[in-house]
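Colleague: Just so you know, the sequences run in chain order A and B. For the first sequence, the tail end lands on 338 under the working numbering, and the numbers increase by one without skipping. For the second sequence, the tail end lands on 439 under the working numbering, and the numbers increase by one without skipping. Cβ atoms here follow ideal geometry from the backbone N, Cα and C, with glycine treated the same way. Starting off with a structure, shown below.
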Amino acid sequence: MNKRDEPLLVIEDLKVAFPGQSAPVIDGLSLTLDRGEVLALVGESGSGKSMTALSLMRLLPSGGAITGGRIRFDGEDVLSLPDRQMNRLRGGRMAMLFQQPQAMLDPTSRVSAQIAEPLRLHRGLGRRAAMGRVLDLLRDVGIPDPAVRARCFSHELSGGMAQRVMMAAALSGDPDMLIADEPTTALDVTVQAQILRLIDEERRKRNLATLLITHDLAVVAALADRVAVMYAGRIVEEGPAKAVLESPQHPYTQALMRCSLLVPDPHGQLLSIPGSGTHARELTCGCRFHPRCSAASQHGLVSRCMRSEPALKPDADGHVTRCWAVETEKETAA
Amino acid sequence: MRIDNASQAAAAGSLLHVPPRRTAARRLWRFLRGRHWTFRTGIVILVALVVTLILAPWIVPHDPAVQNLIARLSPPSAEHWLGTDHLGRDLLSRLLVGGRFTVTIAMITVILSFAIGTLIGVVAGRVVGGLFDEITMRVVDVLISIPDVVVAIFLVAIFGPGYLTLIASLTVIGWTPFARLARGLTLAINSQGYIQAAEVLGCSRSFIVLRHVIPNIIRPIAAVSFLRFGHKLITVGALSFLGLGVQPPAADWALMLADAQPYVERLPILMIAPGLAIFVAALSVTWIGHGLEIESRDGGSGDE
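In structure tokens form, the structure reads like this:
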């Protein structure tokens with residue numbers, strides 16, 4: 005069953021749709037993620053990042069359904085697993101961090117009880133043994149006074165503290181893969197760095213495959229090995245983090261870079277991408293980004309970009325881009 | 136790195152206060168202090184009432200069933216503190232014993248309705264849109280429109296009066312408001328982050344219902360169950376008044392009211408005493424429910 009030469013997670017041509025919506029939320033997404041690797045999924049709100057993460061867990065919001073494609077995790081076909089085995093996978097082998105850590109903790113039960121849940125469900129530990137592990141985990145994620153904190157309720161914790169608790173709960177099942185869905189977006193800037201460092205430390209220690217979902221390119225630069233940029237439900241650019249951040253190919257990635265504060269604008273202005281991506285999915289033909297794209301007009305490609313959608317084309321070092329402008333540029337260079 | 140970690144821990148520590156450990160008694164005290172005054176008053180009255188009713192057989196001054204036709208309709212005296220009724224039975228003794236039946240029936244009915252209704256409502260709310268949800272909610276719609284007194288009259292006519300008949304007939308209708316409320320609250324909880332977090336951690340459906348859904352919706356349901364308790368007290372009283380509940384010569388507040396009707400003008404206390412008893416009992420549970428509800432509306436901030 006186990007294919008040793010295959011990455012831990014393989015997503016092939018994933019399609020996710022909601023009934024009543026004409027266009028799929030995720031349209032033909034393919035990704036791989038290996039042990040110990042950090043893959044950043046970048047894109048603006050509504051581009052399908054979180055839906056990708058929830059598809060992996062098979063926990064799409066009600067109505068949403070995976071309409072095509074395959075997800076293999078450690079050689080197992082995730083989409084065809086029976087519910088009981090899927091529950092063993094969740095928390096046991098895949099874990100997840102969320103954007104609003106405090107909302108993710110049950111206000112009526114103690115921190116210790118919630119961290120202990122996966123221990124008792126997946127590791128079959130008794131109450132006593134689970135409590136011992138909980139204290140170890142709380143210490144691991146850098147919570148001072150674990151014995152006191154374990155007895156707290158969620159409203160007695162700060163945001164950063166709650167995210168550490170979530171991390172402890174996520175790690176308690178001893179997973180192989182961690183999905184972090186904007187884990188620092190709701191936190192103070194000072195706490196963000198601590199949480200990122202924690203994620204990175206645990207990733208190294210446990211050789212965790214990490215899927216980092218974010219729209220913060222500074223976070224990507226700090227942690228990611230590889231970056232995949234999503235727009236309107238599909239990947240427009242993917243490659244090693246260094247290559248994508250230093251020489252972004254796709255006009256959308258370039259625009260994202262300009263908007264981020266990583267690269268200061270020489271005129272001291274805050275930039276934005278004109279238009280919005282909310283209806284981009286409903287375009288029936290052409291590149292989904294073309295209504296907002298500056299490169300299309302610059303290269304005199306508007307009619308081509310409107311008519312047909314480009315494919316993901318690789319360059320030398322595994323850096324793939326979905327753009328006509330990039331393609332024609334390469335053709336003329338060659 | 137070492138300095139880094141230490142400063143990080145210090146920063147994290149200073150961000151929050153460390154809540155002191157509390158004993159169960161202290162937590163109970165804090166809980167009570169945080170309630171509305173109606174809750175505390177209601178609790179005091181209800182506890183006093185229940186203790187009195189439990190101890191009643193041992194503290195009654197006279198046998199509540201013994202008649203003394205010579206001393207019938209006598210006004211309050213040193214011998215009979217509240218006087219005697221039309222058959223010369225001691226009013227105080229009958230008053231002390233007379234609430235046992237009604238309160239017991241109402242209590243059992245509410246507990247059963249609460250348990251059945253909450254469970255059905257939560258399950259319906261978790262599988263919303265499913266066949267079970269659709270069927271149970273339509274059943275609730277139908278049952279909720281039938282007055283429970285009518286069902287009780289119907290069942291008593293078939294099976295005769297008694298504890299079981301009354302409890303069954305009141306529960307058959309009584310669970311429906313609980314189911315509806317529990318389903319509504321569950322729907323609101325379904326979209327909460329901690330339910331998603333539990334699913335992501337691989338918790339099974341029944342585990343999520345028992346450990347995360349029910350603890351989060353139990354407060355408002357408890358508040359309503361006290362309000363329903365008061366309602367049931369009066370319903371059971373009404374049934375006894377109609378002769379469908381407690382059978383003579385056993386004493387019952389509502390039955391005493393019915394018996395006192397012809398003698399109101401001669402001895403008003405015959406009617407005032409049992410009437411007040413029913414009123415105070417119903418008021419106490421309603422106050423408890425009201426006090427709980429006020430607090431649970433603003434998210435239970437009075438709780439620790």
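Below 7 Å CB to CB, which residues in the same chain sit around glutamate 16(A) once its five sequence neighbours on both sides are set aside?
Modeller: These residues qualify, in order along the chain: Ser34, Gly73 and Arg74.
Colleague: Please check if any C-beta of chain B sits within less than 8 Å of the C-beta of serine 116(A).
Modeller: Not one chain B Cβ lies under 8 Å of serine 116(A).
Colleague: Have a look at Glu335(A), Leu182(A) and Val248(A) and flag the residue whose alpha-carbon is nearest the alpha-carbon of glutamate 41(A).
Modeller: Considering only alpha carbons, the answer is Leu182(A).
Colleague: If I follow the unbroken alpha helix (DSSP H) through alanine 255(B), where does it start and stop?
Modeller: Sequence check: residue 255(B) is isoleucine here, not alanine. It spans 235-261 - the alpha helix (DSSP H) in which isoleucine 255(B) sits, taken as one unbroken run.
Colleague: Please give me, in chain order, every unbroken run of the alpha helix (DSSP H) with length at least 4 that falls completely inside the segment 130-184 of chain A.
Modeller: Runs of the alpha helix (DSSP H) inside the segment 130-184 of chain A: 131-144, 150-153 and 163-176.
Colleague: List the residues that DSSP assigns as beta-bridge partners of alanine 21(A).
Modeller: Looking at the DSSP assignment, alanine 21(A) forms a beta bridge with Ala69(A).
Colleague: If you run the structure through DSSP and keep just helix, strand and coil, what is threonine 218(A)?
Modeller: Threonine 218(A): strand per DSSP, three-state reduction.
Colleague: Check the Cβ of arginine 2(A) against every Cβ in chain B and list those closer than 9 Å, keeping chain order.
Modeller: Examination of residue 2(A) is not possible in this model, given that chain A is present from 5 through 338 alone.
Colleague: Put valine 14(A) into one of helix, strand or coil per three-state DSSP.
Modeller: Note: valine 14(A) maps to strand in three-state DSSP.
Colleague: Taking only beta-carbon atoms, is glutamine 327(B) less than 8 Å away from chain A?
Modeller: True, the Cβ-Cβ gap to chain A drops below 8 Å.
Colleague: Taking 8 Å as the threshold (C-beta atoms), are alanine 416(B) and leucine 184(B) in contact?
Modeller: Yes, Cβ-Cβ distance for leucine 184(B) and alanine 416(B) is below 8 Å.
Colleague: Return yes when the Cβ of methionine 61(A) is within less than 8 Å of the Cβ of arginine 94(A), no when it is not.
Modeller: Cβ atoms of arginine 94(A) and methionine 61(A): closer than 8 Å.
Colleague: Just to confirm my understanding: we take aspartate 140(A), look at its own chain, exclude 5 residues before and 5 after, and list those with CB closer than 7 Å. What are they?
Modeller: For aspartate 140(A), where only same-chain residues beyond five positions count, there are no Cβ hits under 7 Å.
Colleague: Taking glycine 237(A) and proline 86(A) to be in contact with their CB atoms under 8 Å, please state how far apart those CB atoms are, rounded to whole angstroms.
Modeller: So it is not a contact: roughly 28 Å between Cβ atoms.
Colleague: Which same chain residues end up closer than 6 Å to histidine 197(B) when comparing Cβ atoms and leaving out the 5 residues on each side of it in sequence?
Modeller: So the qualifying residues of the chain are Asp225 and Ser228.
Colleague: At what residue ranges does the segment 155-203 of chain B contain a whole run of the alpha helix (DSSP H), taking only runs of 4 or more?
Modeller: Those alpha helix (DSSP H) runs which fall completely within the segment 155-203 of chain B and span 4+ residues are 159-169 and 172-194.
Colleague: Does DSSP put glycine 32(A) in a helix, in a strand, or in coil?
Modeller: Residue state, collapsed to three classes: strand.
Colleague: Using a Cβ-Cβ cutoff of 8 Å, what residues of the segment 187-206 of chain A are near chain B? List them in chain order.
Modeller: If the cut-off is 8 Å between Cβ atoms, the segment 187-206 of chain A has Thr194 and Gln198 near chain B.
Colleague: Rounding to the nearest angstrom, what Cα-Cα distance links arginine 155(A) and proline 111(A) in this structure?
Modeller: If you take the alpha carbons of arginine 155(A) and proline 111(A), they lie about 12 Å apart.
Colleague: Interface residues of chain B around serine 113(A) at Cβ under 8 Å?
Modeller: Simply Arg346, His347 and Pro350.
Colleague: Taking just the CA atoms, how far does threonine 244(B) sit from serine 66(A)?
Modeller: Looking at the two C-alpha atoms, the distance is approximately 36 Å.
Colleague: If you count every other CB in all the chains shown that lies within 10 Å of the CB of tyrosine 330(B), and 16 or more means buried, which is it?
Modeller: The sequence shown places isoleucine at residue 330(B), not tyrosine. It is buried - the Cβ of isoleucine 330(B) has at least 16 other Cβ atoms within 10 Å.
Colleague: Put leucine 125(A) into one of helix, strand or coil per three-state DSSP.
Modeller: Of the three classes helix, strand and coil, the one that applies to leucine 125(A) here is helix, per DSSP.
Colleague: In whole angstroms, give me the CA-to-CA distance for glutamine 327(B) and glutamate 334(B).
Modeller: In a straight line, the C-alpha of glutamine 327(B) is about 11 Å away from that of glutamate 334(B).
Colleague: Is aspartate 81(A) helix, strand or coil when you go by DSSP?
Modeller: Three-state DSSP puts aspartate 81(A) in a strand.
Colleague: Quick one: Cα of alanine 144(B) to Cα of glycine 146(A), how far?
Modeller: A caution first: alanine 144(B) carries a pLDDT of 46, below 50, which makes its placement in the model too unreliable to give a value.
Colleague: Show which residues of chain B have a CB atom less than 7 Å away from the CB atom of methionine 100(A).
Modeller: Within chain B, the residues near methionine 100(A) are Val335.
Colleague: Comparing C-alpha positions only, which one of Ser375(B), Ile352(B) and Phe249(B) sits nearest to arginine 261(B)?
Modeller: Among Ser375(B), Ile352(B) and Phe249(B), the Cα nearest to that of arginine 261(B) belongs to Ile352(B).
Colleague: State yes or no: is the beta carbon of methionine 5(A) nearer than 8 Å to at least one beta carbon in chain B?
Modeller: Low confidence applies here, because methionine 5(A) scores a pLDDT of 45, under 50, leaving its location unreliable and the question unanswered by this model.
Colleague: Could you pull the start and end residues of the alpha helix (DSSP H) that arginine 207(A) belongs to?
Modeller: Taken as a continuous stretch (DSSP letters only), the alpha helix (DSSP H) holding arginine 207(A) covers 193-210.
Colleague: Taking only beta carbons into account, state which residues of the segment 123-149 of chain A come closer than 9 Å to chain B, listed in chain order.
Modeller: Taking 9 Å as the Cβ-Cβ cut-off against chain B, the residues of the segment 123-149 of chain A that qualify are Leu125, His126, Gly146, Ile147, Pro148 and Asp149.
Colleague: Looking only at its own chain, which residues have a Cβ that is under 6 Å from the Cβ of threonine 214(A), when we skip the five neighbours before and after it?
Modeller: Once the five neighbours on either side are set aside, the close Cβ partners of threonine 214(A) are Val42, Leu182 and Arg207.
Colleague: Distance, Cα to Cα, isoleucine 178(B) vs lysine 53(A)?
Modeller: One C-alpha to the other measures close to 53 Å.
Colleague: Report yes if the C-beta distance between alanine 292(B) and leucine 374(B) is below 8 Å; otherwise report no.
Modeller: Not closer than 8 Å, so no.
Colleague: So, helix, strand or coil for isoleucine 239(A), using DSSP?
Modeller: Three-state result, isoleucine 239(A): strand.
Colleague: To the nearest whole angstrom, what separates the beta carbons of alanine 173(A) and glutamine 118(A), a pair I think is in contact under 8 Å?
Modeller: Alanine 173(A) to glutamine 118(A), Cβ: 6 Å. Contact.
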